[in-house]
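A.B. asks:
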Amino acid sequence: MLPLLQHAVRRALRVRFRLGEFDPPSKEDRFSLPSGLSLAREAAQQSIVLLKNAEETLPLKKSQKIALLGPLRNATISLLGDYDAYPFEDGVIISPLQGLLDAGASVVVPPGGPEVCSDSYTKVTKPDADVVIIIGGIFGDDKQVPDPDRRPAESLICQNNCLEAEGCDRYNISWPYGQAQLIDQAASWDMPVILVIISGGPLDLSKYKDHKAISAILWMGYPGQMGGAAMADVLLGDVSPTGRLPQTFYNGDFVKAASITDMRMRPGTAAGGQIFYTRFDVPYPGRTYRFVNESFVVYPFGFGLSYDSWAYKKGSCECRPTRGCNFTFDVSGAKQRTSAAASVLFFLRPLATSGAWAPSKELKAFTRIQGPSQHVSHSVGAGAFELAGGDGVFHREGGDWTVEIGEPAELTFIVSVAESSWTCH
Numbered sequence: 081m082l083p084l085l086q087h088a089v090r091r092a093l094r095v096r097f098r099l100g101e102f103d104p105p106s107k108e109d110r111f112s113l114p115s116g117l118s119l120a121r122e123a124a125q126q127s128i129v130l131l132k133n134a135e136e137t138l139p140l141k142k143s144q145k146i147a148l149l150g151p152l153r154n155a156t157i158s159l160l161g162d163y164d165a166y167p168f169e170d171g172v173i174i175s176p177l178q179g180l181l182d183a184g185a186s187v188v189v190p191p192g193g194p195e196v197c198s199d200s201y202t203k204v205t206k207p208d209a210d211v212v213i214i215i216g217g218i219f220g221d222d223k224q225v226p227d228p229d230r231r232p233a234e235s236l237i238c239q240n241n242c243l244e245a246e247g248c249d250r251y252n253i254s255w256p257y258g259q260a261q262l263i264d265q266a267a268s269w270d271m272p273v274i275l276v277i278i279s280g281g282p283l284d285l286s287k288y289k290d291h292k293a294i295s296a297i298l299w300m301g302y303p304g305q306m307g308g309a310a311m312a313d314v315l316l317g318d319v320s321p322t323g324r325l326p327q328t329f330y331n332g333d334f335v336k337a338a339s340i341t342d343m344r345m346r347p348g349t350a351a352g353g354q355i356f357y358t359r360f361d362v363p364y365p366g367r368t369y370r371f372v373n374e375s376f377v378v379y380p381f382g383f384g385l386s387y388d389s390w391a392y393k394k395g396s397c398e399c400r401p402t403r404g405c406n407f408t409f410d411v412s413g414a415k416q417r418t419s420a421a422a423s424v425l426f427f428l429r430p431l432a433t434s435g436a437w438a439p440s441k442e443l444k445a446f447t448r449i450q451g452p453s454q455h456v457s458h459s460v461g462a463g464a465f466e467l468a469g470g471d472g473v474f475h476r477e478g479g480d481w482t483v484e485i486g487e488p489a490e491l492t493f494i495v496s497v498a499e500s501s502w503t504c505h
């Protein structure tokens, strides 16, 4: 037993030594190296998701006068979320305001406005501007209460439902009161309003998705130390957004129908047709894009817009029972810049007769393409065409499966799975 334990310890420590955890403290400012800053900026650019862009409000022109509002317009540490590296020196983290100023944008910063957790609101004077950008969201950490076990009792931002972190779960996905009031007031000013969200989990966007005054919505996650610069790159059109949602954005009713203590994935019609009910006396909606009732979805997993538009031309597909399927298609730019890029997702929908235990669809592969055009050839393994039964064992499911390219689907292929031969068209 001792040799096995020693071998396991050596493997664990070997990785930590390679990562430099046991090296002497470096006198070099690791967070300001040009290579690191460039990588951090690119990572933030690629992770920004454009959820709405009515009448091509974005990208903005540098000549437009921007009124920058919202409690996170000067955010620095808050851009890092949780589990971030310390310490950071002044100027190493680029705030949204600093990012716009560095990019040469014309920015005014009206006084006042709510804090992240404000439960009251004092109206802001209408600014003299062409467009309003609101930087809102929630916190990913509470530096004042670093111990997760103490947060529910001692962290005010946890108690006010504007913290998502270890030891603190939100009890709903509503906007904090003060921020919601600011968005509503800005929407009454008869000028485009752009909502930029800094958060890890979803906030309820059902009110703003089709709101005529909310012209554009961006979700940034927690974008890191170059988040403000990357935000400016996207807003001003130096970079076209290519990010896709890594989660489902639900409406506020979802948390009423899905208790935080109920971890079942499948909706209320699962398990032999039995309908499950929560204490809210509504059918259980299921969880994640794979199973959730679509009436609770505001923006689906995998969704993301771009300033560029693409044309997809269906190619061929070839399948073998032992290897799966290879799909080919061509992507060309109908409207794009020379540096255009796009993320392409491959979803698989089981046959309609698969039963209640089957997901509605699953992400099986993804790739990234670079403009102005590209021939794409990508494979999905044979294991993707299997489903888990009620016993938890995976079985190959015969019949017609639908392969969807994109979210929403730009192309579809039908794969007919049989015991000895597969066909595809």
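For the sequence shown, the working numbering gives the first residue as 81, with consecutive numbering after it.
Glycine included, every Cβ here is placed at the ideal spot set by N, Cα and C.
1) Between Ser-453 and Met-271, what straight-line distance do the alpha-carbon atoms span, to the nearest angstrom?
2) If Ala-420 sits next to Ser-320, beta carbons under 8 angstroms apart, how far is it from one beta carbon to the other, in whole angstroms?
3) I need the DSSP call for Glu-442, collapsed to helix, strand or coil.
4) Should Leu-298 and Met-311 be called a contact, given that it needs their Cβ atoms to be closer than 9 angstroms?
5) Identify whether His-505 lies in helix, strand or coil by the three-state DSSP scheme.
6) Helix, strand or coil for Gly-179? Go by DSSP, reduced to three states.
7) Tell me which same chain residues have a C-beta within less than 6 angstroms of the C-beta of Ala-468, skipping the five on either side of it?
8) Give a yes or no on whether 9 angstroms exceeds the smallest Cβ distance from Gly-413 to chain C.
9) Classify Pro-488 as helix, strand or coil using the three-state DSSP reduction.
10) Taking the C-alpha atoms as reference points, what is the distance between Leu-85 and Asp-103?
11) By DSSP's criteria, Ser-423 is part of a beta bridge. Which residues make up the other side?
12) DSSP has Tyr-392 in a bridge; who is on the other side?
13) Going by Cα to Cα distance, which pick from Leu-93, Ser-268, Trp-255 is closest to Asp-284?
14) Using beta-carbon positions only, say whether Gly-323 and Val-456 come within less than 9 angstroms of one another.
15) On the DSSP letters alone, give me the boundaries of the alpha helix (DSSP H) that His-291 sits inside.
16) With DSSP as the reference, please indicate the residues paired to Ile-213 in a beta bridge.
17) Helix or strand or just coil, what does DSSP make of Arg-94?
18) Which residues share a DSSP beta bridge with Lys-142?
19) State the Cα-Cα distance for the pair Gln-354 and Arg-346, rounded to the nearest angstrom.
20) Identify the continuous alpha helix (DSSP H) that holds Tyr-257 and give its terminal residues.
21) Inspect the beta-carbon positions of Asn-240 and Asp-208 and report whether they are closer than 9 angstroms.
22) Taking Cβ positions, are Ala-338 and Tyr-364 nearer each other than 9 angstroms?
23) Under DSSP, the beta strand (DSSP E) around Ser-459 begins and ends at which residues?
24) Is the stretch 189–203 in contact with the stretch 261–280, if contact means three or more CB pairs nearer than 8 angstroms?
25) Leaving out the 5 sequence neighbours to the left and right, which residues in its chain are closer than 6 angstroms to Gly-281 when beta-carbon positions are compared?
26) Classify Pro-105 as buried or exposed, calling it buried when 16 or more other Cβ atoms lie within 10 Å of its own Cβ.
27) Measuring alpha carbon to alpha carbon, tell me which residue in Gly-301, Gln-305, Glu-135 is nearest Ser-118.
28) Can you tell me which of Gln-259, Gly-470, Phe-409 puts its alpha carbon nearest to the alpha carbon of Ala-391?
29) Could you tell me which of Arg-476, Ser-423, Glu-477, Ser-459 sits nearest to Ala-489, measuring between CA atoms?
30) I'd like to know whether the C-beta atoms of Ala-445 and Phe-426 end up nearer to each other than 9 angstroms.
31) Could you pull the start and end residues of the beta strand (DSSP E) that Ala-468 belongs to?
32) Could you check whether Gly-307 and Leu-159 sit closer than 9 angstroms to each other, using their CB atoms as the reference points?
33) Write down the C-beta distance between Ile-278 and Gly-217 rounded to the nearest angstrom, noting that I regard them as a contact closer than 8 angstroms.
C.D. replies: Taking the geometry as given:
1) So the alpha carbons of these two residues sit roughly 36 angstroms apart.
2) 6 angstroms
3) strand
4) yes
5) coil
6) helix
7) Phe-474
8) The displayed structure is made up of one protein chain only, and chain C is not part of it.
9) coil
10) 25 angstroms
11) Arg-448.
12) In the DSSP assignment, the residues bridged to Tyr-392 are Val-411.
13) Trp-255
14) No, these two residues do not count as a Cβ contact at 9 angstroms.
15) The continuous stretches of alpha helix (DSSP H) do not include His-291, and DSSP gives it neither H nor E.
16) Leu-148, Ile-274
17) helix
18) None; Lys-142 has no bridge partner.
19) Caution is warranted here: a pLDDT of 47 is assigned to Gln-354, below 50, making its placement in the model unreliable, and no coordinate value can be reported.
20) 257–266
21) no
22) Using a Cβ distance threshold of 9 angstroms, Ala-338 and Tyr-364 count as a contacting pair.
23) Run containing Ser-459: 453–460, per the beta strand (DSSP E) assignment.
24) yes
25) Glu-244
26) exposed
27) Gln-305
28) Phe-409
29) Ser-423
30) yes
31) Per DSSP, Ala-468 belongs to the beta strand (DSSP E) from 466–468.
32) In contact: Leu-159 and Gly-307 (Cβ atoms closer than 9 angstroms).
33) 4 angstroms
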